[in-house]
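Since the structure comes first, as structure tokens, the remarks are kept for the end.
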Amino acid sequence: ICKLEQNESLEKAEWIQLITGQTPELSDFLFERARYQAQKYYGNRIYTRGLIEFSNYCKNDCYYCGIRRSNDCVKRYRLSKDDIMECCTTGYKLGFRTFVLQGGEDPWFNDDRMCRIVGHIRRTYPDCAITLSLGERSIESYKRLYNAGANRYLLRHETADFSHYHTLHPEALSPETRQSCLYNLKAIGYQVGTGMMVGSPGQTAEHLTEDLLFMKALEPSMVGIGPFIPQKDTPFGNERSGTVEQTLFLIGLIRLMLPNALIPATTALGTIDPIGREKGVLAGANVVMPNLSPLSVRKKYALYDNKICTGDEAAECRSCLQKRMHRIGYDLAVDRGDAAEK
Ligand code: SAM
Ligand code: FES
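First residue of the sequence shown: 5, per full-length UniProt numbering; consecutive thereafter.
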């Protein structure tokens with residue numbers, strides 16, 4: 005941990021030792037150091053992103069994901085451009101200066117349609133950042149969206165171990181393509197976010213080590229990690245969830261490895277522990293992503309079971325999070341929330 009703090013690289017064996025040697029005492033020590041780093045770059049300010057889940061149609065069939073193509077129990081929806089603009093208007097009034105458009109890989113939202121939406125948000129809210137999370141697309145598509153006004157892109161690498169990747173996804177998806185998308189996005193000029201689920205079926209300390217080494221090499225501006233949580237109508241419906249302890253431990257490690265990164269305390273973390281997001285911040289996270297999607301569609305974007313905040317208006321979510329952050333000595337910022345300079 006001290007080596008990490010001094011910006012030294014760890015060998016594979018050292019990472020594995022750290023991950024497998026996790027104890028409550030070591031975690032407390034790590035979290036204190038991680039908080040120190042987060043505060044050095046961001047003070048006690050927590051950035052917010054307004055999440056707009058605009059489509060739950062998906063052409064992919066990832067084994068873990070609740071909105072996978074083969075899940076017939078899902079009621080599918082798409083938000084219109086007007087619906088999306090309405091979410092942004094509500095969000096802007098509440099103090100959001102970043103909008104995250106996330107959806108399944110839905111071919112209906114082709115480049116023309118997507119660029120129209122991004123362009124409209126860009127012109128209406130020039131002071132806001134636009135983040136996309138649309139999965140894998142061609143480099144041309146990423147370029148068009150960037151030129152239309154998008155600034156950031158979230159694409160979790162999911163796992164850096166190639167054989168583990170194939171156990172989580174059907175054959176049509178490959179880790180090589182996933183990783184090359186991330187490098188393409190970076191080359192275009194996007195601020196890139198990546199990450200993985202913690203405790204996904206079959207995941208080992210070696211796999212997590214590969215994840216850390218991959219992220220160290222990629223140097224993303226953002227890292228989103230959350231526990232894997234089963235969704236009952238998927239092939240992994242009977243698997244066990246990732247743990248709060250391991251997710252927090254990894255947040256702490258990532259904070260020390262990439263000290264100025266933007267790291268969200270995710271909704272998944274808040275789902276497996278009622279104060280998971282607070283614990284995430286106290287382990288080194290500095291971002292929260294409340295939901296701005298219309299209430300009518302919230303329950304339909306069920307990536308995993310028992311997802312929190314599916315019944316709360318955006319305003320309630322923001323004020324609830326504000327209270328939660330105040331309680332632990334932090335404050336929500338009204339800010340685009342770009343990554344701090346290293
Ligand atoms: N289609 C886009 C993509 O592939 O990046 C964005 C949507 S996808 C549902 C967003 C993220 O949800 C995935 O990167 C995955 O890590 C996470 N996710 C999916 N199913 C999950 C589950 N059962 N538990 C926890 N996280 C899950
Ligand atoms: Fe949504 Fe608390 S964060 S209700």
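Glycine is no exception: its CB is placed at the ideal position from the N, C-alpha and C atoms.
All of these numbers come straight from a predicted model, not from anything done at the bench.
Exercise. According to DSSP, what are the bridge partners of A265?
Worked result: DSSP lists no partner for A265.
Problem set entry | Assigned exposure category for K7 - 16 Cβ within 10 Å defines buried | exposed
Exercise. For the region 256-265 against the region 298-318, are there 3 or more C-beta pairs whose distance is under 8 Å?
Worked result: no
Exercise. In the structure shown, what three-state DSSP assignment does M293 receive?
Worked result: In the three-state reduction of the DSSP assignment, M293 falls in the coil class.
Exercise. Would the C-beta of F232 count as close to the ligand SAM, meaning under 7 Å from any of its heavy atoms?
Worked result: yes
Exercise. Thinking just about the alpha-carbon of each residue, which of N290, V285, E249, P234 is nearest to the one in M226?
Worked result: For the options N290, V285, E249, P234, the alpha carbon positioned closest to that of M226 is the one of N290.
Problem set entry | Cα-Cα separation, R305 to G108 | Checking the sequence, you will find Tyr at residue 305 rather than Arg. C-alpha separation (whole angstroms): 9 Å.
For this session: Indicate, with yes or no, if the ligand SAM has a heavy atom lying under 7 Å from the CB of A343.
Result: no
Exercise. Near G203, what residues of its chain come up, given a Cβ to Cβ distance below 8 Å and the 5 sequence neighbours on each side ignored?
Worked result: Within the same chain, G203 has close Cβ partners P231, F232, R244, S245, G246, T247, Q250, T251.
For this session: Kindly indicate which three-state DSSP category Q207 falls into: helix, strand or coil?
Result: coil
Exercise. Do A133 and N155 come within 8 Å of each other at the CB atom, strictly closer than that value?
Worked result: yes
Exercise. To which residues of the same chain is N264 closer than 8 Å at the C-beta, ignoring the five residues directly before and after it?
Worked result: Within the same chain, and ignoring the five residues on either side of N264 in sequence, the residues whose Cβ sits closer than 8 Å to its Cβ are Y45, A343, A344, E345, K346.
Exercise. Between the beta-carbon of R120 and the beta-carbon of K85, is there less than 8 Å?
Worked result: It is a contact, given that the beta carbons lie within the stated cut-off.
Exercise. Can you tell me the Cα-Cα spacing of C62 and R182, whole angstroms?
Worked result: The alpha-carbon atoms of C62 and R182 are separated by roughly 16 Å.
Exercise. Comparing the CB of E320 with every heavy atom of the ligand SAM, is any distance shorter than 7 Å?
Worked result: no
Problem set entry | Closer than 8 Å to chain C by CB, E214 | Looking at the structure shown, chain C is missing, and only one protein chain is on hand.
Exercise. Do N295 and A318 have their C-beta atoms closer together than 8 Å?
Worked result: yes
Problem set entry | Closer than 7 Å: Y68 CB and nearest the ligand SAH heavy atom | With respect to the ligand SAH, the structure offers nothing, as its ligand set consists of the ligand SAM and the ligand FES.
Exercise. What number of angstroms, rounded off, separates the C-alpha of P130 from the C-alpha of G99?
Worked result: Their Cα atoms are separated by approximately 14 Å.
For this session: Specify the secondary structure class of E320 as computed by DSSP and reduced to three states.
Result: helix
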